[in-house]
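Novice: If you read the sequence shown in my numbering, its first letter stands for residue 32, the second for the next number, and so on. Where is the CB? At the ideal position from N, CA and C, for every residue including glycine.
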Amino acid sequence: MSDTKPARASWSGKWAFILAAAASAVGLGNLWRFPYLAAKYGGGTFLLVYVVLVFTFGVSLLLLEIALGRYTGQSAIGAFKAFGKKYAFIGIFASAIPFIITCYYCVIGGWVAKYAASYIAGASSQIAGAPADFFTGFITSPVESFIWMYLFMAAVMLVVGLGVKKGIEKSNLVMMPLLILLAVGIAVFTLTMPGALDGAAYYLVPDFSKLAPETFIAALGQMFFSMSLAMGIMITYGSYVDKQTSLTASAGRIAGFDIGVSLLAGLTIVPGAFVALGSAEAVAENSGPSLMFVILPTVFDQMGGMGAIIGLLFFVLVLFAALTSAISLAETMVSIIMDGARWSRKKAIIAVTVFLFAVGTVVNLGYNGFSFLEPLGAGSSILDLFDFVSNSVMMPIAALMTCIFVGWVVKPRDLELEIKRSSKFVAEKAWVAIIKYIAPVLIVIILVAYVAAQFGFFSM
Ligand code: PFF
Numbered sequence: 032m033s034d035t036k037p038a039r040a041s042w043s044g045k046w047a048f049i050l051a052a053a054a055s056a057v058g059l060g061n062l063w064r065f066p067y068l069a070a071k072y073g074g075g076t077f078l079l080v081y082v083v084l085v086f087t088f089g090v091s092l093l094l095l096e097i098a099l100g101r102y103t104g105q106s107a108i109g110a111f112k113a114f115g116k117k118y119a120f121i122g123i124f125a126s127a128i129p130f131i132i133t134c135y136y137c138v139i140g141g142w143v144a145k146y147a148a149s150y151i152a153g154a155s156s157q158i159a160g161a162p163a164d165f166f167t168g169f170i171t172s173p174v175e176s177f178i179w180m181y182l183f184m185a186a187v188m189l190v191v192g193l194g195v196k197k198g199i200e201k202s203n204l205v206m207m208p209l210l211i212l213l214a215v216g217i218a219v220f221t222l223t224m225p226g227a228l229d230g231a232a233y234y235l236v237p238d239f240s241k242l243a244p245e246t247f248i249a250a251l252g253q254m255f256f257s258m259s260l261a262m263g264i265m266i267t268y269g270s271y272v273d274k275q276t277s278l279t280a281s282a283g284r285i286a287g288f289d290i291g292v293s294l295l296a297g298l299t300i301v302p303g304a305f306v307a308l309g310s311a312e313a314v315a316e317n318s319g320p321s322l323m324f325v326i327l328p329t330v331f332d333q334m335g336g337m338g339a340i341i342g343l344l345f346f347v348l349v350l351f352a353a354l355t356s357a358i359s360l361a362e363t364m365v366s367i368i369m370d371g372a373r374w375s376r377k378k379a380i381i382a383v384t385v386f387l388f389a390v391g392t393v394v395n396l397g398y399n400g401f402s403f404l405e406p407l408g409a410g411s412s413i414l415d416l417f418d419f420v421s422n423s424v425m426m427p428i429a430a431l432m433t434c435i436f437v438g439w440v441v442k443p444r445d446l447e448l449e450i451k452r453s454s455k456f457v458a459e460k461a462w463v464a465i466i467k468y469i470a471p472v473l474i475v476i477i478l479v480a481y482v483a484a485q486f487g488f489f490s491m
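(1) Distance, Cα to Cα, tryptophan 319 vs alanine 113?
(2) Only counting the same chain, and skipping five residues up and downstream in sequence, which positions put a Cβ closer than 6 Å to that of alanine 307?
(3) Kindly list the residues whose CB is nearer than 6 Å to the CB of arginine 284, restricted to its own chain and excluding five residues on each side of it in sequence; keep chain order.
(4) Measuring straight from C-alpha to C-alpha, what distance separates serine 33 and cysteine 434?
(5) From leucine 396 to lysine 460, what distance separates their C-alpha atoms?
(6) Are the Cβ atoms of phenylalanine 183 and phenylalanine 324 separated by less than 7 Å?
(7) Hey, lysine 45 and threonine 276: beta-carbon distance below 7 Å or not?
(8) I'd like to confirm something about isoleucine 264: is its beta-carbon nearer than 6 Å to some heavy atom of the ligand PFF, or not?
(9) The ligand PFF and leucine 360: does any heavy atom of the ligand fall closer than 6 Å to the residue's C-beta?
(10) Whose CA, out of Asn203, Gly74 and Ala429, lies closest to the CA of methionine 262?
(11) Compute the minimum distance between the beta carbon of asparagine 559 and the heavy atoms of the ligand PFF, and state whether it is under 6 Å.
(12) Kindly say whether phenylalanine 130, judged by its beta-carbon, lies nearer than 7 Å to any beta-carbon of chain B.
(13) Considering glutamate 447, what are the terminal residues of the alpha helix (DSSP H) in which it resides?
(14) Take proline 225 and list the residues in its own chain whose beta-carbon comes closer than 8 Å to its own, dropping the five residues that flank it on each side.
(15) Could you give the distance in angstroms between the alpha-carbon of alanine 296 and the alpha-carbon of leucine 62?
(16) Which value, in whole angstroms, describes the spacing of the CA atoms of alanine 154 and phenylalanine 346?
(17) Is alanine 382 a contact residue of the ligand PFF, with contact defined as CB to any heavy atom under 6 Å?
(18) Going residue by residue through the region 221-288, where are the continuous alpha helix (DSSP H) segments of at least 4 residues, counting only ones entirely within it?
(19) By a C-beta neighbour count over all protein chains shown, 10 Å radius and 16 as the cutoff for buried, is valine 475 buried or exposed?
(20) Would you mind sorting isoleucine 178 into buried or exposed? The rule is 16 or more other CB atoms within 10 Å of its CB.
(21) Is any heavy atom of the ligand PFF found at a distance shorter than 6 Å from the C-beta of alanine 152?
(22) Apart from the five residues on each side of it in sequence, which residues of its chain come closer than 8 Å, Cβ to Cβ, to leucine 93?
(23) Assess contact between the region 231-251 and the region 473-487, defined as three or more Cβ pairs (one per stretch) separated by less than 8 Å. Is contact present?
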C-alpha cells in the first residue's frame, strides 16, 4: 500500500529513528514523574510491575504504532483513514492529545528552566535553605513563572521553526549520549552518600505485601505517558522508517532506552530522598510532583561542596530531556495542522505558537490568578486537570480504540506481514494475543479505576 504513496520524508538511518523516538520518550515522565510514583507505590514493587508491563504491553503497543505508520506511510489521522474514511476519528481523537499535553508540559518545562538557571547562578544553598517556600513562591509568582514558561516555549518553537528534520537528528546526537552520561554519573555519586544504599534497597527489592490494584493502574498510566504512546507520535515516526529497518529490534531498543533512564532517575532520586528524609515511609509520604523540586535540593545540599555542581548538572539533564520531548510534541502538533488544514509549515508553526502561548498562560494562571479554581478537588490545579484528562482518560481510550481497530476490525494480519518484511517475529502469537485480548481488558480496567479514584471511590 505504502509503495503507491508519494515519497515521504525519511530518517537518515536506523539509529536516527531510534534516537528520535527515544528522545521523544525520555522526558519529564522519566525524570520527574517516574521516581515519585516509584517512591509512592512501594519502590521495588512498583519497579517490578512497571518493567513487566513495559516489556509485554508497552513494547507491543509501540510495535503496533510503528508498524501502522510504516505500513500506511501516514501520520495518525491518515493512517486510520487509509482503512476507510469512517475510521479517521480514531486518529483525530489521538491527535488531540498532544494539544493538551504540550500546554502543561511547557509549564513544568518552565519550572525546570528556572531551577537550572538558579543552580547555574549559584543559588543552590539559597534554594536548599527553604526549598518548599522557594518552589511555591516561584510557581505562584505572577510574573516570573510566566517568563520562564514563555522562554521554554520560545526555545521549543525555535527548534521546530528551524526545521526539525536536520535540527532534531543532530541535536539528539549530542543531547542523548550526554543525557545518559549525566544520568549514570549522578546516580553513582548519589549512591555513595551515607545511607543511600538503604534507600536503594527500598527502591530495588520488591515487597509483595505492597502489591495493590493502584500499583498496576499507576504503572500503566505512567507507561503510556513515558513511552509517548497512544497519541500518534510513534505512528508518524514509524511512517518515516525505511522498509529494511527491523521494527521488532527498534521497538525493543526504544523501550530499553526509556526504561533505562527511568530506572536510573529512580535510583538517584529515591535513595537521595531516603538520605534526606530518613525512612521509606517518609519517602512514600513526601513523594508527589514536588519531590524533584523540594526534596532534591536538600539532598544536593547534603552532598557538601559537590552538591551545587551535581544539582546544576541534574537540572540541566532534566532540561535537555524536557526540551527534546516538548520539541517532539510541538512538531507533532505542527504536522497535524499541516495535514489536517493543508496549511503551510510556517502558518502551522504560527498557529501552534499562538495556541501554546494562550493555553499555557491559562494553565499557569491556575497557580496564581485562577488558583481559586480547583477542578479536581481541594488543592488541585488546572495543570492537574489537563494531566488527568490527557493521561488518565484520553490516552487509555485512544489505546483501546487502536487495539480494537487493529485486533478486531482490520485484523492484525497486514501489520504482522509488515513487521516480518524486515525481521523475524518470534513473539508473533503473543503479540496478537496482547493486542486482541489482554491490552483491551487491561485498558478498560485502568480507565474505570482511574475515573473511580478521581470521584473518590478509592484512593490512589
Ligand atoms: N514521553 C515524554 C515523557 O516521558 O516526558 C512525554 C511525551 C512526549 C508524551 C511526547 C507524549 C509525547 F508525544
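Specialist: Put simply:
(1) Counting from one through the sequence shown, the residue named residue 319 turns up at place 288. Counting from one through the sequence shown, the residue named residue 113 turns up at place 82. It is glycine, not tryptophan, that sits at residue 319 in the sequence shown. CA-CA distance, glycine 319 to alanine 113, rounds to 42 Å.
(2) On the sequence shown, residue 307 is found 276 positions in, with the first residue counted as 1. Ile326, Thr329 and Val330, listed in sequence order.
(3) Here residue 284 refers to the residue found at position 253 when the sequence shown is read from its first residue. Ile49, listed in sequence order.
(4) Residue numbering aside, residue 33 sits at position 2 when the sequence shown is read from its first letter. Residue numbering aside, residue 434 sits at position 403 when the sequence shown is read from its first letter. Bear in mind that the predicted position of serine 33 carries a pLDDT of just 43, short of 50, making it unreliable; the figure below should be weighed with that in mind. Approximately 21 Å, taken between the alpha carbons.
(5) Here residue 396 refers to the residue found at position 365 of the sequence shown. Here residue 460 refers to the residue found at position 429 of the sequence shown. Taking the straight line from one Cα to the other gives about 50 Å.
(6) On the sequence shown, position 152 is the one that residue 183 refers to. On the sequence shown, position 293 is the one that residue 324 refers to. No, Cβ-Cβ distance for phenylalanine 183 and phenylalanine 324 is not below 7 Å.
(7) The sequence position of residue 45 within the sequence shown is 14, counting from 1. The sequence position of residue 276 within the sequence shown is 245, counting from 1. In contact: lysine 45 and threonine 276 (Cβ atoms closer than 7 Å).
(8) Within the sequence shown, the letter at position 233 stands for residue 264. Answer for isoleucine 264: yes, Cβ within range of the ligand PFF.
(9) Looking up residue 360 in the sequence shown gives position 329. Indeed, a heavy atom of the ligand PFF lies less than 6 Å from the Cβ.
(10) Position 231 of the sequence shown holds residue 262. The residue with the shortest Cα to Cα distance from methionine 262 is Ala429.
(11) This structure cannot speak to residue 559, because the chain is shown only from 32 to 491.
(12) Although the question refers to chain B, the structure presented lacks it and comprises just one protein chain.
(13) Sequence index remark: in the sequence shown, residue 447 carries index 416 (1-based). Run containing glutamate 447: 444-451, per the alpha helix (DSSP H) assignment.
(14) Taking the sequence shown and counting its residues from 1, one reaches residue 225 at position 194. So the qualifying residues of the chain are Val306.
(15) On the sequence shown, residue 296 is found 265 positions in, with the first residue counted as 1. On the sequence shown, residue 62 is found 31 positions in, with the first residue counted as 1. The straight-line gap from Cα to Cα measures roughly 5 Å.
(16) Against the sequence shown, residue 154 aligns to sequence position 123. Against the sequence shown, residue 346 aligns to sequence position 315. Answer to the nearest angstrom: the Cα atoms are 13 Å apart.
(17) On the sequence shown, residue 382 is found 351 positions in, with the first residue counted as 1. No - the ligand PFF has no heavy atom lying nearer than 6 Å to the Cβ of alanine 382.
(18) 227-235, 244-257 and 264-270
(19) Numbered from its first residue, the sequence shown carries residue 475 at position 444. By the neighbour-count rule (16 or more Cβ atoms within 10 Å), valine 475 is not buried but exposed.
(20) Locating residue 178 in the sequence shown gives position 147, where the first residue counts as 1. It is exposed - the Cβ of isoleucine 178 has fewer than 16 other Cβ atoms within 10 Å.
(21) Here residue 152 refers to the residue found at position 121 when the sequence shown is read from its first residue. Every heavy atom of the ligand PFF is 6 Å or more from the Cβ of alanine 152, so no.
(22) Locating residue 93 in the sequence shown gives position 62, counting from the first residue. Correct list, in chain order: Met258, Leu260, Met265, Ala282, Ile285 and Ala286.
(23) yes
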